[in-house]
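Colleague:
There are 2 protein chains.
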Amino acid sequence: MSSTTQDNETIDFGILNELIGYRLRRAQLVFFNNFAVACNDLGISPGLFGVLVIVARNPGLTQTAIAQALGNDRSAMVAAVDKLEKMDLVERRPSQKDRRSYALYLTEHGESYYQVIEARVQQHEADFYGLLKEGEKEWLIDILSRLTESRSDAPACEE
Amino acid sequence: MSSTTQDNETIDFGILNELIGYRLRRAQLVFFNNFAVACNDLGISPGLFGVLVIVARNPGLTQTAIAQALGNDRSAMVAAVDKLEKMDLVERRPSQKDRRSYALYLTEHGESYYQVIEARVQQHEADFYGLLKEGEKEWLIDILSRLTESRSDAPACEE
DNA sequence: TTATAATTGTTGATCAGTCCACCAATTAAA
DNA sequence: TTTAATTGGTGGACTGATCAACAATTATAA
Numbered sequence: 001m002s003s004t005t006q007d008n009e010t011i012d013f014g015i016l017n018e019l020i021g022y023r024l025r026r027a028q029l030v031f032f033n034n035f036a037v038a039c040n041d042l043g044i045s046p047g048l049f050g051v052l053v054i055v056a057r058n059p060g061l062t063q064t065a066i067a068q069a070l071g072n073d074r075s076a077m078v079a080a081v082d083k084l085e086k087m088d089l090v091e092r093r094p095s096q097k098d099r100r101s102y103a104l105y106l107t108e109h110g111e112s113y114y115q116v117i118e119a120r121v122q123q124h125e126a127d128f129y130g131l132l133k134e135g136e137k138e139w140l141i142d143i144l145s146r147l148t149e150s151r152s153d154a155p156a157c158e159e
Numbered sequence: 001m002s003s004t005t006q007d008n009e010t011i012d013f014g015i016l017n018e019l020i021g022y023r024l025r026r027a028q029l030v031f032f033n034n035f036a037v038a039c040n041d042l043g044i045s046p047g048l049f050g051v052l053v054i055v056a057r058n059p060g061l062t063q064t065a066i067a068q069a070l071g072n073d074r075s076a077m078v079a080a081v082d083k084l085e086k087m088d089l090v091e092r093r094p095s096q097k098d099r100r101s102y103a104l105y106l107t108e109h110g111e112s113y114y115q116v117i118e119a120r121v122q123q124h125e126a127d128f129y130g131l132l133k134e135g136e137k138e139w140l141i142d143i144l145s146r147l148t149e150s151r152s153d154a155p156a157c158e159e
C-alpha cells in the first residue's frame with residue numbers, strides 16, 4: 001500500500017506496486033539494461049548469450065532443439081546463429097544422421113571467447129548481489145523457477 | 001524415435017539456470033502470456049494497464065509525468081493515450097496551467113470499466129498465488145523492488 | 001524588455017524481438 | 001508407395017523501445 005519513498009511529489013501507483021507481473025517487468029528491464037552496458041562491447045545480447053551457453057554445454061544440438069530449450073521460435077534461431085557465425089563463435093556442421101539439420105558447435109575462437117563472455121555476465125549479475133541478503137538469491141531463483149515452470153509449455157529444465 | 005525428444009531431458013543449461021536475469025526474463029514472459037490470455041478480450045495490454053492505473057489514481061497528470069513514473073519514453077505515451085482515448089477510457093483535457101500539455105482523466109465509462117479491468121488483472125495474478133508459500137509474495141515484491149530501484153531508472157522519484 | 005534555453009506533445013525512423021504462415025528438402029509413418 | 005512430420009529458412013506483420021527532430025509554449029538570463 002505504501003511506496004518505498006513517500007516524497008513531496010507522491011504518485012500513487014495503486015495496485016501496480018503489489019503486482020508481481022509489474023515488478024517482474026521492471027526488474028527484468030533493469031537487468032536488461034545492465035546486461036547491455038556490461039556486454040555491448042562484446043556484441044552479445046541476452047538472447048545470444050542464451051544460445052551460446054546451450055551450444056557450449058551441449059555441442060552438436062540442432063537449431064530447433066536449442067530453440068525449444070530456450071523457449072524461442074525456431075525461426076528466431078536463424079538470425080541468432082547467423083550472427084554468432086559471423087562473429088566466428090559458432091559453426092554449423094551438417095548433421096550426419098539427418099541431412100535436414102545442422103549440428104552446432106563452438107568454434108575454436110568461440111571456446112576461448114565464451115570464457116570472457118561468461119565471466120562478464122557473471123560480473124554483471126554480481127552487480128546486484130549487494131542488494132540481496134544471505135540465501136535470498138537462491139530463494140529468488142527457486143521461486144522464479146516455480147513461476148516459470150508451473151504454467152505454459154515450459155522448456156526442458158534439468159537439475 | 002528418441003533422437004530429438006530425449007536430448008531435451010539431458011540439456012545442460014549451465015550457468016543459465018543460476019542467473020537472476022535469465023530467470024527473471026523467463027518468469028516475466030510467463031506472466032505476460034497469462035496476462036494476455038486473461039485480458040485480450042478487454043483490449044488491455046500490460047503497458048496500457050500501467051497507464052490506466054496511474055491515471056485512475058492520479059487524475060490530471062501530464063503525459064510526460066506518467067511516462068516518467070512508469071519508466072517509459074514520452075513518445076511512447078502518444079500511441080498509448082491514443083488507444084485509450086479511442087476506447088473511451090481516458091480523455092485529454094487541455095491543461096490550464098500549461099498550454100503545451102494535457103491533463104489526463106478517466107472518462108465516465110473508463111471509471112466503471114477500470115473496475116472490471118483491475119478485477120481481471122488481480123484474478124490473473126491470483127493464478128500464481130498457489131505456487132507461493134506464506135509471505136513469499138511480499139518477499140518477492142520487496143526483492144524485486146530493491147533490484148529495480150537500485151539503478152538510476154527508478155520510478156516516482158522527482159527532485 | 002529581449003534573447004536564449006528548456007519543456008510539451010508529437011512524428012518518424014530505426015532496431016530488436018516475437019509470432020505466424022509458408023516453402024523445399026528430407027525423414028518418418030501409414 | 002503414398003502421406004504426414006520435421007528441418008532450416010524466408011518473409012511479413014506486429015509490438016516495444018529508443019532516438020532525433022519539430023512547433024508551440026514556458027522558463028530563465030541578460
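So the sequence lines, in the order shown, correspond to chains L and V.
Under full-length UniProt numbering, the first residue of the first sequence carries the number 1, and numbering increases by one thereafter.
Under full-length UniProt numbering, the first residue of the second sequence carries the number 1, and numbering increases by one thereafter.
By construction, the Cβ of each residue, glycine as well, lies at the ideal position given by its N, Cα and C atoms.
Just to confirm the assignment, what range does the alpha helix (DSSP H) spanning Arg25 (chain V) have?
Modeller: In the second sequence, the residue the question calls residue 25 (chain V) occupies position 25. Looking at the DSSP string, the run of the alpha helix (DSSP H) that includes Arg25 (chain V) is Ile20 to Cys39.
Colleague: Any idea if Asn17 (chain L) is buried or exposed, counting beta-carbon neighbours within 10 angstroms, 16 or more meaning buried?
Modeller: On the first sequence, residue 17 (chain L) is found 17 positions in, with the first residue counted as 1. Counting Cβ neighbours within 10 Å, Asn17 (chain L) comes out buried, since at least 16 surround it.
Colleague: Let me make sure I understand the geometry here. Which of V:Trp139, V:Asp82, V:Thr64 and V:Glu118 has the alpha-carbon closest to that of Arg100 (chain V)?
Modeller: By 1-based counting over the second sequence, the position of residue 100 (chain V) is 100. The residue with the shortest Cα to Cα distance from Arg100 (chain V) is V:Thr64.
Colleague: Does the CB of Ser112 (chain L) have a neighbour CB from chain V at under 8 Å?
Modeller: Residue numbering aside, residue 112 (chain L) sits at position 112 when the first sequence is read from its first letter. So no, Ser112 (chain L) is outside the interface.
Colleague: Just to check my reading of the structure: Leu89 (chain V) and Tyr113 (chain V) have Cβ atoms closer than 8 Å, yes? What is that Cβ distance to the nearest angstrom?
Modeller: Translated into positions along the second sequence, residue 89 (chain V) becomes position 89. Translated into positions along the second sequence, residue 113 (chain V) becomes position 113. Right, their Cβ atoms sit about 6 Å apart.
Colleague: Quick check: what's the CA-CA separation for Glu158 (chain V) versus Ala56 (chain L)?
Modeller: Translated into the one-based positions of the second sequence, residue 158 (chain V) becomes position 158. Translated into the one-based positions of the first sequence, residue 56 (chain L) becomes position 56. With a pLDDT of 33 at Glu158 (chain V), under the threshold of 50, the modelled position of that residue is not reliable, and no figure is offered here.
Colleague: Is the separation between the beta-carbon of His124 (chain V) and that of Asn34 (chain V) shorter than 8 Å?
Modeller: What you label residue 124 (chain V) is simply residue 124 of the second sequence in a count that begins at 1. What you label residue 34 (chain V) is simply residue 34 of the second sequence in a count that begins at 1. Against a cut-off of 8 Å, the Cβ pair of Asn34 (chain V) and His124 (chain V) comes out as a contact.
Colleague: Out of L:Leu42, L:Ser75 and L:Ala38, point me to the one whose CA is closest to residue 171 (chain L)'s CA.
Modeller: What the structure shows of chain L is the stretch from 1 to 159, and residue 171 (chain L) is not part of that stretch, so it cannot be assessed.
Colleague: Leaving out the 5 sequence neighbours to the left and right, which residues in its chain are closer than 8 Å to Ile117 (chain L) when beta-carbon positions are compared?
Modeller: For the purposes of this step, residue 117 (chain L) is identified with residue 117 of the first sequence, where counting begins at 1. Counting only Cβ-Cβ distances below 8 Å, and skipping sequence neighbours, we find Cys39, Leu42, Ile44, Phe49 and Leu52.
Colleague: With the cut-off set at 8 Å, would you say Ala69 (chain V) and Ile54 (chain V) are in Cβ contact?
Modeller: As a working note, residue 69 (chain V) is residue 69 in the second sequence. As a working note, residue 54 (chain V) is residue 54 in the second sequence. Contact flag set, yes.
Colleague: Does the stretch 138 to 153 of chain V touch the stretch 22 to 33 of chain L, meaning 3 or more C-beta pairs lie closer than 8 Å?
Modeller: Judged by Cβ distances under 8 Å, the stretch 22 to 33 of chain L makes contact with the stretch 138 to 153 of chain V, as three or more pairs qualify.
Colleague: If you follow the alpha helix (DSSP H) that Tyr114 (chain L) is part of, which residue opens it and which one closes it?
Modeller: Residue numbering aside, residue 114 (chain L) sits at position 114 when the first sequence is read from its first letter. Segment Glu108 to Ala126, the alpha helix (DSSP H) holding Tyr114 (chain L).
Colleague: What is the DSSP secondary structure of Glu134 (chain V), counted as helix, strand or coil?
Modeller: The residue you call residue 134 (chain V) lines up with position 134 of the second sequence. Residue state, collapsed to three classes: coil.
Colleague: Excluding the 5 residues preceding and the 5 following Pro94 (chain L) in the sequence, name in chain order all residues of the same chain whose CB lies nearer than 7 Å to its CB.
Modeller: As a working note, residue 94 (chain L) is residue 94 in the first sequence. So the qualifying residues of the chain are Tyr102.
Colleague: Just grab the DSSP bridge partners of Arg93 (chain V) for me.
Modeller: Here residue 93 (chain V) is taken as the residue at index 93 of the second sequence, counted from 1. The partner list for Arg93 (chain V) (beta bridge, DSSP) reads V:Ala103.
Colleague: Can you name the residues of chain L whose CB is closer than 9 Å to the CB of Arg74 (chain V)?
Modeller: Taking the second sequence and counting its residues from 1, one reaches residue 74 (chain V) at position 74. By Cβ distance, chain L contributes nothing, its closest Cβ being about 16 Å from Arg74 (chain V), past 9 Å.
Colleague: Consider the C-beta atom of Val90 (chain V) and the heavy atoms of the ligand SAH; say whether any pair is separated by less than 7 Å.
Modeller: For the structure depicted, the ligand SAH is absent and the ligand set is empty, with no information on it obtainable.
Colleague: Less than 8 Å between the CB atoms is what I'm expecting for Ile141 (chain V) and Lys137 (chain L), so what's the real figure, rounded?
Modeller: The residue given as residue 141 (chain V) occupies position 141 in the second sequence. The residue given as residue 137 (chain L) occupies position 137 in the first sequence. With a Cβ gap of about 16 Å, Ile141 (chain V) and Lys137 (chain L) do not count as contacting.
Colleague: Which residues of chain L have a Cβ atom closer than 7 Å to the Cβ of Glu125 (chain V), listed in chain order?
Modeller: For the purposes of this step, residue 125 (chain V) is taken as the residue at position 125 of the second sequence. Going along chain L in sequence order, the residues near Glu125 (chain V) (Cβ under 7 Å) are Leu19, Ile20 and Gly21.
Colleague: Let's see if you can read the secondary structure: which residues bound the alpha helix (DSSP H) around Met77 (chain L)?
Modeller: Your numbering for residue 77 (chain L) matches position 77 in the first sequence. First-last of the alpha helix (DSSP H) with Met77 (chain L): Arg74 to Lys86.
Colleague: May I ask you to list, following chain order, the residues of the stretch 39 to 69 of chain L that have a beta carbon less than 8 Å from some beta carbon of chain V?
Modeller: Answer set for the stretch 39 to 69 of chain L: Pro46, Gly50, Val53, Ile54, Ala56, Arg57, Asn58, Leu61, Thr62, Thr64, Ala65, Gln68 and Ala69.
Colleague: Rounded C-beta distance between Arg26 (chain L) and Gly71 (chain V)? I'm assuming under 8 Å.
Modeller: Position 26 of the first sequence holds residue 26 (chain L). Position 71 of the second sequence holds residue 71 (chain V). Correct: roughly 7 Å between the Cβ atoms.
Colleague: Give the single residue among V:Thr107, V:Leu24, V:Ala126 and V:Ala67 whose Cα lies nearest to the Cα of Pro46 (chain L).
Modeller: Taking the first sequence and counting its residues from 1, one reaches residue 46 (chain L) at position 46. Considering only alpha carbons, the answer is V:Leu24.
Colleague: Leu70 (chain L) lies in the alpha helix (DSSP H); which residues open and close that run?
Modeller: Walking along the first sequence from the start, residue 70 (chain L) turns up at place 70. Element bounds for Leu70 (chain L): Gln63 to Leu70.
Colleague: Which value, in whole angstroms, describes the spacing of the CA atoms of Val78 (chain L) and Lys86 (chain L)?
Modeller: In the first sequence, counting from the first residue as 1, residue 78 (chain L) sits at position 78. In the first sequence, counting from the first residue as 1, residue 86 (chain L) sits at position 86. Each residue's alpha carbon lies about 12 Å from the other.
Colleague: Going by C-alpha distance, which of V:Thr10, V:Leu132, V:Asp98 and V:Gly130 is nearest Gly60 (chain V)?
Modeller: As a position in the second sequence, residue 60 (chain V) is number 60, starting the count at 1. Comparing Cα-Cα distances from Gly60 (chain V) to each of V:Thr10, V:Leu132, V:Asp98 and V:Gly130, the minimum goes to V:Asp98.
Colleague: Count the other C-beta atoms from every protein chain shown that fall within 10 angstroms of the C-beta of Ala80 (chain L), then say buried if there are 16 or more, exposed otherwise.
Modeller: For the purposes of this step, residue 80 (chain L) is taken as the residue at position 80 of the first sequence. When all chains shown are included, Ala80 (chain L) counts as buried.
Colleague: Would you mind telling me which residues of chain L sit closer than 8 Å to Leu82 (chain V), beta carbon to beta carbon, in chain order?
Modeller: By one-based count along the second sequence, residue 82 (chain V) stands at place 82. The sequence shown places Asp at residue 82 (chain V), not Leu. Neighbours of Asp82 (chain V) on chain L: none; closest Cβ ~21 Å, over 8 Å.
Colleague: Kindly list the residues whose CB is nearer than 6 Å to the CB of Thr62 (chain V), restricted to its own chain and excluding five residues on each side of it in sequence; keep chain order.
Modeller: The sequence position of residue 62 (chain V) within the second sequence is 62, counting from 1. So the list reads Ser101, once near-sequence residues are dropped.
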